[in-house]
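Residue numbers (the numbering used here), protein chains in the order written: chain A, 1 to 345; chain B, 346 to 517. Beneath this line is the structure, given in structure tokens, with notes to follow.
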Amino acid sequence: MFFTFTQAWPLWAQQLFYAIVPVVLMIAVVMTSVILFVWYERRWLGVLQHRFGPNRVGPFGLLQLIADAVKMMTKEDIMNREVHKVLFTMAPIITMSSALIAWAVIPFGENMIISNIETGIFFLFAIAGMGTFATIIAGYASANKWSTLGAMRGVGQAISYEIPLLFSVVPIFLIAGSFNLQDIVLQQQGFWNIWKQPLAFLLFYICMTAEVNRTPFDLPESESELVSGFNTEYSGFKFGGFFMGEYIASVTMCALLTLLFFGGWYLPFANIEVINALHTGTIGYLINPIVFLAKTYFFFGITVWVRATLPRVTIGMLLSFAWKGLIPLTILNIFVTGLVLYILR
Amino acid sequence: MGDFIYHLVFYLLAASMFASALAMIFVRNIVASVVCLVGAFLGVAGFFFLLNAEFIGVVQIMVYAGALSLLIVFAIMLTDPKDHETERPKLNNILAGLVVSGALFLIMVCAISTAEWKISDAAPLLERTAVYIGVQYFTDYIVPFYLAAIILSMALTGAIVLAKKDEEGDKC
């Protein structure tokens, strides 16, 4: 329909074209929004901390990020004599690619998804978990005490927080009866999951902040104690890989928050008329991604607000909070939800 | 998904899996070989995805590529870094290894090529496979499911008992 010019091509070229175009589009959208997110975070932090933030390069400082990216790419790439060169180079690549692959299962609107697999959210968590592996590889390959300590902390934190992270979304699966993100959103028409599962939202929010290593849980790279944690030895483009990868991971988590609890691409209080008028057909293809991205931006703004407000916790507080507070609460939440669903059956 | 893409992805996955499995054996640094092992696991997961077994593919990534490899690297990092690089093996060992693995390879080729493969005549399940697995677990296979749960909680409790110090007032 849209790509009539491909009809003259051989079959294999058409198939390749239709397989590659959505992926390229998705990567373009994600990378552009990550650049915008960095700018957004710095400006918003400036507002929250009563200062300006980047405002010199371009209108409202928007071109600052281009300048930073150019600086990062042209910087000298320093590699210590003691590092394990292959692993050292691989770690940022793993971070970046695992963060990008996770977007394969995120729907931007109805049927606007690269791979609509049944176990979409599981796939996302599994791939996002590979980021932890990259952290420990980076810490090991750097041959540096700070890096190793940061990586150890990162793994301890990730192992502790992945359990409540997965458990906290189980009530959503129970309500929706599906692991597919698109099904979960479609079932939230008019009534978002946040009203049904406020506790699950709170738990998910805490765990997701810990999972993507943002303040107050940024222990793997705590500047004041561990210099810069697992990425101390990295510079130039390789550091850029970590930086982008972590941003993409936190944007992914905000997108997931939107999809699971806040109705994905539906406008607030969208009833059946609004959905038929705005969220389906050709107009839906325009409106759905915009609403979805707007909600994601909003929740990213809240994580920045948390970052500007709370100090970092210590590793002991973090681990005991996960094992003694979050995990029992998530299990209780699953149990109560199951019971209520069984009674209402 | 078109035929061409299917075959392209299959051969790419096969090649990368073969390469990373070979690299896992020949790389001298033990952590690097874990990374290659993860590559092989991911290739297996990719095959599961190609075979429409998404749930098993995801579990493969989550358990093997994610958790198990992390555990291995974590355990390796607690050992002495000097032992991480293995030395080049001696000629005698290489010869002995070649003989043993060649014999094993021949036996496996004979066994696999002469075996009779049974193909189930049940209709393939094309959608909602994960739901089907869940239903099966809680109906027909409830006993193995509970046994696995009991064994895992025994292991967990045992680990806690072993790791816990006896001293009173020892906060951890």
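All C-beta atoms in this analysis are idealised placements derived from N, C-alpha and C, irrespective of residue type, glycine included.
Does the beta-carbon of CYS254/A have 16 or more other beta-carbons within 10 angstroms, so that it is buried, or is it exposed? Locating residue 254/A in the first sequence gives position 254, counting from the first residue. CYS254/A comes out buried.
Look at the Cβ atom of MET96/A, then the Cβ atom of PHE88/A, and state whether they are nearer than 8 Å. Looking up residue 96/A in the first sequence gives position 96. Looking up residue 88/A in the first sequence gives position 88. Their beta carbons are not under 8 Å apart, which means MET96/A does not touch PHE88/A by this criterion.
Suppose the cutoff is 7 Å on Cβ atoms and the five residues either side in sequence are ignored; what does the same chain contact list for LYS196/A look like? Within the first sequence, the letter at position 196 stands for residue 196/A. Here the set comprises ILE175.
What three-state label does DSSP hand ASN288/A in the structure shown? Locating residue 288/A in the first sequence gives position 288, counting from the first residue. Here ASN288/A sits in helix by DSSP.
Can you look up GLU430/B in the DSSP assignment and give me helix, strand or coil? In the second sequence, residue 430/B corresponds to position 85, counting from 1. GLU430/B: strand per DSSP, three-state reduction.
Contact between the stretch 328–340 of chain A and the stretch 242–254 of chain A (3+ Cβ pairs under 8 Å): no
To the nearest whole angstrom, what separates the beta carbons of GLY388/B and MET369/B, a pair I think is in contact under 8 Å? One-based indexing of the second sequence puts residue 388/B at position 43. One-based indexing of the second sequence puts residue 369/B at position 24. 11 Å between Cβ atoms; not a contact.
Three or more beta-carbon pairs under 8 Å between the stretch 153–161 of chain A and the stretch 389–398 of chain B, yes or no? no
If we count Cβ pairs, one from each stretch, closer than 8 Å, do we get three or more for the stretch 12–31 of chain A versus the stretch 44–56 of chain A? no
Coarse secondary structure for ASN374/B, derived from DSSP in three states: Locating residue 374/B in the second sequence gives position 29, counting from the first residue. It is a strand residue.
Within 8 Å (strictly less), CB to CB, does TRP192/A reach chain B? Looking up residue 192/A in the first sequence gives position 192. False, the Cβ-Cβ gap to chain B never drops below 8 Å.
Against VAL547/B, what residues of chain A qualify as contacts under a CB-to-CB distance less than 9 Å, listed in chain order? What is shown of chain B runs 346 to 517, which leaves residue 547/B out entirely.
Using the rule of at least 16 other Cβ atoms within 10 Å of the residue's Cβ for burial, across every protein chain shown, is ALA460/B buried or exposed? For the purposes of this step, residue 460/B is taken as residue 115 along the second sequence, with counting starting at 1. Exposed, because fewer than 16 other Cβ atoms sit within 10 Å of the Cβ of ALA460/B.
Would a C-beta distance cut-off of 8 Å place ALA141/A and ALA99/A closer than the cut-off? On the first sequence, residue 141/A is found 141 positions in, with the first residue counted as 1. On the first sequence, residue 99/A is found 99 positions in, with the first residue counted as 1. In this structure, ALA99/A does not lie closer than 8 Å to ALA141/A by Cβ.
VAL185/A and GLY284/A - do their beta-carbons sit closer together than 8 Å? Looking up residue 284/A in the first sequence gives position 284. Looking up residue 185/A in the first sequence gives position 185. No. Outside cutoff.
Just to confirm my understanding: we take THR296/A, look at its own chain, exclude 5 residues before and 5 after, and list those with CB closer than 7 Å. What are they? As a first step, residue 296/A is located in the first sequence; it is residue number 296 there, counting from the start. Around THR296/A: VAL251, CYS254, ALA255, THR258.
Since GLU211/A is in the alpha helix (DSSP H), which residue starts that stretch and which ends it? Within the first sequence, residue 211/A is the residue found at index 211, counting from 1. Residues 198–211.
Proximal residues of chain B, C-beta to C-beta of GLU118/A below 9 Å: Translated into positions along the first sequence, residue 118/A becomes position 118. What GLU118/A touches in chain B: GLU399, PHE400, GLU472, ARG473, THR474, ALA475, VAL476.
Inter-residue spacing [alpha-carbon to alpha-carbon] between ARG433/B and GLY442/B: Sequence index remark: in the second sequence, residue 433/B carries index 88 (1-based). Sequence index remark: in the second sequence, residue 442/B carries index 97 (1-based). Taking the straight line joining both Cα atoms gives about 14 Å.
Under 8 Å, Cβ to Cβ, is there at least one residue of chain B near ALA19/A? The count along the first sequence starts at 1 and reaches residue 19/A at position 19. Output row for ALA19/A: interface = yes.
Counting only the same chain and skipping the five closest in sequence on each side, list residues whose C-beta sits under 6 Å from that of LEU357/B. For the purposes of this step, residue 357/B is taken as the residue at position 12 of the second sequence. Contacts found: none.
Less than 8 Å between the beta carbons of ILE127/A and ILE101/A, yes or no? If you number the first sequence from 1, residue 127/A lands on position 127. If you number the first sequence from 1, residue 101/A lands on position 101. Contact flag set, yes.
CYS517/B versus GLY479/B: straight-line alpha-carbon distance, rounded: Counted from its first residue, the second sequence places residue 517/B at position 172. Counted from its first residue, the second sequence places residue 479/B at position 134. Reliability fails at CYS517/B, whose pLDDT of 48 lies under 50, so the model's placement of it is uncertain and the value that follows must be treated cautiously. One C-alpha to the other measures close to 37 Å.
Can you say whether VAL21/A is buried or exposed, counting buried as having 16 or more other CB atoms within 10 angstroms of its CB? Against the first sequence, residue 21/A aligns to sequence position 21. Exposed is the call here.
Tell me where the alpha helix (DSSP H) around ARG43/A begins and ends. Within the first sequence, numbered from 1, the residue matching residue 43/A stands at position 43. Unbroken alpha helix (DSSP H) run through ARG43/A: 11–48.
N-terminal and C-terminal residue of the alpha helix (DSSP H) that GLY150/A is part of: Against the first sequence, residue 150/A aligns to sequence position 150. 145–176 is the extent of the alpha helix (DSSP H) around GLY150/A.
Any beta-carbon of chain A closer than 8 Å to the one on ILE406/B? Counting from 1 along the second sequence, the entry for residue 406/B is found at position 61. So yes, ILE406/B belongs to the interface.
For chain A, check one thing: does any of its Cβ atoms lie closer than 8 Å to the Cβ of ASN437/B? In the second sequence, residue 437/B corresponds to position 92, counting from 1. No, ASN437/B does not count as interfacial toward chain A.
Just to confirm, is the Cβ distance from ASP77/A to GLY236/A under 8 Å? Position 77 of the first sequence, counting from 1, holds the residue named residue 77/A. Position 236 of the first sequence, counting from 1, holds the residue named residue 236/A. For ASP77/A and GLY236/A, yes; Cβs fall inside 8 Å.
Selection from VAL379/B, VAL404/B, LYS435/B that minimises the alpha carbon distance to MET422/B: Within the second sequence, residue 422/B is the residue found at index 77, counting from 1. Measuring from the Cα of MET422/B, the nearest candidate turns out to be VAL379/B.
Compare the C-alpha of VAL83/A against each of LYS145/A, ALA104/A, MET130/A, LEU62/A and name the closest. Counted from its first residue, the first sequence places residue 83/A at position 83. Per the Cα distances, LYS145/A.
According to DSSP, is PRO489/B part of a helix, a strand, or is it coil? By one-based count along the second sequence, residue 489/B stands at place 144. It is helical.
What residues of chain B sit near ILE136/A, judged by a beta carbon separation below 8 Å? Looking up residue 136/A in the first sequence gives position 136. Simply LEU415, VAL418, PHE419, MET422.
Which same chain residues end up closer than 6 Å to ILE158/A when comparing Cβ atoms and leaving out the 5 residues on each side of it in sequence? By 1-based counting over the first sequence, the position of residue 158/A is 158. Residue identity check: residue 158/A is Ala in the sequence provided, not Ile. Same-chain partners within the cutoff: THR132.
Using the beta-carbon count (16 or more within 10 Å), is ILE464/B buried or exposed? As a working note, residue 464/B is residue 119 in the second sequence. Under this definition ILE464/B is an exposed residue.
Unbroken alpha helix (DSSP H) run spanning LYS509/B, endpoints: Reading the second sequence from its first residue, position 164 is the one you call residue 509/B. Counting along the chain, LYS509/B falls outside any alpha helix (DSSP H), and DSSP gives it neither H nor E.
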